Ligand code: ADP
Ligand code: MG
């Protein structure tokens, strides 16, 4: 089916499409002070924007977890000696629990308000990574709080990796390996036929496979790449990456900045080589969109406010083969 037709069909009742909607941390968490109340109200706002899609399609929602997992790690540190510490993989699992609950409740309330009979379920998702992924030798993804130098020295002695971020202080960095496989993919797909599914939150819980067993590992998987991995493996029709910008831009932040309305995988590669997308933010989104497009799907990068326009081809960056 032509993809512009497919996009519009998502908004009508005529044909159920399978959609993976990735909610960025930026689309659900405002800058400034974080509270559970603000988390609820922001998720609520994001839900209203995606609701027309939830009604008519098989929907899987994925989400970021940066601020949540950072705060969990702060609590772990503050409670050392009083409560047992947890590894990063468990902190990611806890953040999936927190946001899964918040998103679930906001959606359930909205569905019941609109008298729509559909349930919502969140799935703790494990994501397989390769223990030989180069990122394990070169961790670059910052997580958790900032530390003074003295503390950073102690962390280094414990074998943790830290980096200095200008003016802010030292921060722990962890590997960000490439997602290989979503362990619960088949279940997620099956349940999405009956209910809205929340999955692969925060990029999923990173696990490796060793001596016939899965085991959690200290790393953080990019949520856009994990979303693309999920969307590809369940053969979704559309991957929607919602963030805080309406488009991916070329020459972002410069005088000659220009929105990219559509790109092929080949064009995306060129933009990447030319350095238009910042690593850790827009780059993984474009990589994720390209990975998914490779399997024949359509991906869109936009913000929640432009979603409706994007589905009728009037906003957003569309990536397809
Ligand atoms: P999210 O929390 O949604 O994953 P990120 O902060 O990781 O959001 O990524 C979105 C950000 O990417 C935008 O706010 C913008 O500052 C940044 N960005 C970097 N390069 C680009 C680009 N070429 N076009 C648009 N945004 C870009
Ligand atoms: Mg991001």
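In the working numbering, the protein residues as written are 5 to 325. Note that CB positions come from ideal geometry on N, CA and C, so glycine has one too. Here the structure is a predicted model, which means the values were calculated and not measured.
Going by the beta-carbon positions, is the gap between residue 130 and residue 102 smaller than 8 angstroms? No; because the gap between Cβ atoms is not below 8 angstroms, this pair is not in contact.
Between 117, 228, 305, which lies nearest to residue 322 when the distance is taken from Cα to Cα? 305
Euclidean distance between Cα positions of residue 282 and residue 58: When rounded, the separation of the alpha-carbon atoms in residue 282 and residue 58 is 31 angstroms.
Using only the heavy atoms of the ligand ADP, determine whether one of them is closer than 7 angstroms to the beta carbon of residue 260. no
C-alpha distance - residue 166 paired with residue 143, whole-angstrom precision: 9 angstroms
Selection from 52, 109, 149, 93 that minimises the alpha carbon distance to residue 180: 93
I believe residue 23 touches residue 228 by the beta-carbon criterion, under 8 angstroms. Please report the beta-carbon distance rounded to the nearest angstrom. Their Cβ separation, rounded to whole angstroms, is 15 angstroms, which puts residue 23 and residue 228 out of contact at 8 angstroms.
Beta-bridge partners of residue 186, as assigned by DSSP: Its beta-bridge partners are 131.
What is the DSSP secondary structure of residue 303, reduced to helix, strand or coil? In this structure, DSSP gives residue 303 an extended state, which the three-state scheme calls strand.
CB-CB under 7 angstroms to residue 299, same chain, minus the five flanking residues each way: which ones, in chain order? 236
Which runs of the alpha helix (DSSP H) at least 4 residues long sit entirely within the stretch 228-294? Give them in chain order. 269-277
Run the CB neighbour count on residue 296, radius 10 Å, all protein chains shown included, and call it buried at 16 or more, exposed below. buried
Residue 278: buried (16+ other C-beta within 10 angstroms of its C-beta) or exposed? Under a 10 Å Cβ-count criterion, residue 278 is classified as exposed, with fewer than 16 other Cβ atoms of the shown protein chains found around its own Cβ.
Is the stretch 156-172 touching the stretch 204-215 in the sense that three or more CB pairs, one from each, lie closer than 8 angstroms? no
If you drop the 5 nearest sequence neighbours on each side, which residues of the same chain put their C-beta closer than 7 angstroms to that of residue 313? 319
Quick check on DSSP: helix, strand or coil for residue 199? strand
Over what stretch of residues does the alpha helix (DSSP H) that includes residue 40 continue unbroken? 40-60
How far does the beta strand (DSSP E) with residue 123 in it extend, from its first residue to its last? 123-126
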